[in-house]
Amino acid sequence: MAFSLLRRGPSNFERAADGSMTLIEHLRELRTRLFRASLGILIGFIVGFAMSNWVMDIMDNPYCALPQSKDPVSGKCMLLQLGPADVLLLQLRISLWLGLIVAGPIWLYQLWAFIAPGLHRHERRYAYAFAAIAAPLFAAGGFLAFFVVHTGLEFLLNIGPENIQTTLEVSRYFGFVTNLILIFGVAFEFPLIILMLNLVGLASAKRLLSWWRVAIFAFFAFSAIATPTPDPFGMTALALCLCVLYFAAVGVAFVNDRRKRRRQETFAGLDDDEASPLEYDADAVEAGEPLEAVAPVPAPLPIERRFDETT
1 MAFSLLRRGP SNFERAADGS MTLIEHLREL RTRLFRASLG ILIGFIVGFA
51 MSNWVMDIMD NPYCALPQSK DPVSGKCMLL QLGPADVLLL QLRISLWLGL
101 IVAGPIWLYQ LWAFIAPGLH RHERRYAYAF AAIAAPLFAA GGFLAFFVVH
151 TGLEFLLNIG PENIQTTLEV SRYFGFVTNL ILIFGVAFEF PLIILMLNLV
201 GLASAKRLLS WWRVAIFAFF AFSAIATPTP DPFGMTALAL CLCVLYFAAV
251 GVAFVNDRRK RRRQETFAGL DDDEASPLEY DADAVEAGEP LEAVAPVPAP
301 LPIERRFDET T
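Residue numbers (the UniProt record's numbering): 1 to 311.
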């Protein structure tokens, strides 16, 4: 009795993986996953709202470190607010971004738990590796963007004459910083695209390496467009980082191609009609027991058809 109480039926993951869940059950599971993900984002939004002032102080450090940001009378760092609700809306927007980051493990797990049963084991293994690499790459791109903002603002605010006082508008400044962080973070995910092309067999490592001239030109062209300042420092820093990541991804592709070749070496030299080197001694096939006579199938009975008033 105690053993029967401890036994559990198959989980939703197992039932979805073997195809035993109905469409209604899939929709119910999707509803549950969306509710849990939304609840996690809501909790993260509340935490992000409590942290928003601290994060805004960090984000305005590149501007407040410059002498042009100081008020001539009070000496404090000043940002211009044009509308009465600009700061509140900005704080809510930053809180939403922070909520997505803080609740990332929750909603990513809910998304993964819904789509993982439809994947093979090796596909799930690749997804784990890609997720483990994507987060540090995005964080590295964000840190580089924050550093480029500091040097870029110093160049832009010092390029004008000394008799001009510059005061940045608060929404435009924080929008500028967040957009640059997103652009740099997404750009740092480029090596994952290269690895994906190699893993699915669309491009070998040698072919990827043969594109290095085009890749370097594309990296510098993208960096010139993405960086906000005309100085060569930010553009060169982003382009060099992308080049390093590109060649690192090509190196991983070479390792993957070498592993594929080792796996195929055993049967590479065999013709279609040649026996494999596997040692297998099959037993002799013996005759089976004779079957008894099977009774004939009787004729089916006539079907009684009844019709209602409508038909």
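Ideal Cβ placement from N, Cα and C applies to all residues, glycine included.
CA-to-CA distance, residue j to residue i, given in whole angstroms
| i | j | result |
| --- | --- | --- |
| residue 104 | residue 258 | 35 angstroms |
| residue 94 | residue 52 | 6 angstroms |
| residue 236 | residue 223 | 7 angstroms |
| residue 78 | residue 232 | 29 angstroms |
| residue 158 | residue 91 | 29 angstroms |
| residue 123 | residue 212 | 28 angstroms |
| residue 292 | residue 301 | 27 angstroms |
| residue 88 | residue 179 | 19 angstroms |
| residue 2 | residue 23 | Only weak support exists for where residue 2 lies, its pLDDT of 46 falling under 50; the value from the coordinates is given anyway. Looking at the two C-alpha atoms, the distance is approximately 34 angstroms. |
| residue 140 | residue 50 | 25 angstroms |
| residue 261 | residue 132 | 26 angstroms |
| residue 7 | residue 204 | Low confidence applies here, because residue 7 scores a pLDDT of 47, under 50, leaving its location unreliable and the question unanswered by this model. |
| residue 36 | residue 28 | 12 angstroms |
| residue 216 | residue 189 | 16 angstroms |
| residue 43 | residue 113 | 20 angstroms |
| residue 214 | residue 84 | 49 angstroms |
| residue 201 | residue 254 | 12 angstroms |
| residue 26 | residue 153 | 51 angstroms |
| residue 62 | residue 115 | 41 angstroms |
| residue 226 | residue 56 | 23 angstroms |
| residue 210 | residue 171 | 44 angstroms |
| residue 75 | residue 60 | 16 angstroms |
Beta-bridge partners of residue i, as assigned by DSSP
| i | result |
| --- | --- |
| residue 80 | 169 |
| residue 70 | 77 |
Given residue i as reference, the closest of the options once Cα atoms are compared
| i | options | result |
| --- | --- | --- |
| residue 166 | 70, 89 and 193 | 70 |
| residue 101 | 263, 47 and 194 | 47 |
| residue 111 | 242, 40 and 221 | 40 |
| residue 86 | 21, 214 and 174 | 174 |
| residue 187 | 290, 210 and 145 | 145 |
| residue 252 | 182, 195 and 21 | 195 |
| residue 218 | 240, 72, 169 and 150 | 240 |
| residue 109 | 201, 184, 38 and 74 | 38 |
| residue 312 | 127, 255, 228 and 84 | Here the chain has residues from 1 to 311 only, and residue 312 is not among them. |
| residue 185 | 245, 151 and 156 | 245 |
Residue i classed as buried or exposed, judged by whether at least 16 other C-beta atoms fall within 10 angstroms
| i | result |
| --- | --- |
| residue 121 | exposed |
| residue 288 | exposed |
| residue 250 | buried |
| residue 129 | exposed |
| residue 221 | exposed |
| residue 248 | exposed |
| residue 303 | exposed |
| residue 181 | buried |
| residue 33 | buried |
| residue 98 | buried |
| residue 297 | exposed |
| residue 198 | buried |
Contact with chain C by residue i, beta-carbon distance below 9 angstroms
| i | result |
| --- | --- |
| residue 114 | Of the chains in the structure shown, none is chain C; there is only one protein chain. |
Heavy atom of the ligand SAH within 8 angstroms of residue i beta-carbon
| i | result |
| --- | --- |
| residue 116 | The ligand content of the structure shown is nil, which means the ligand SAH is not present either. |
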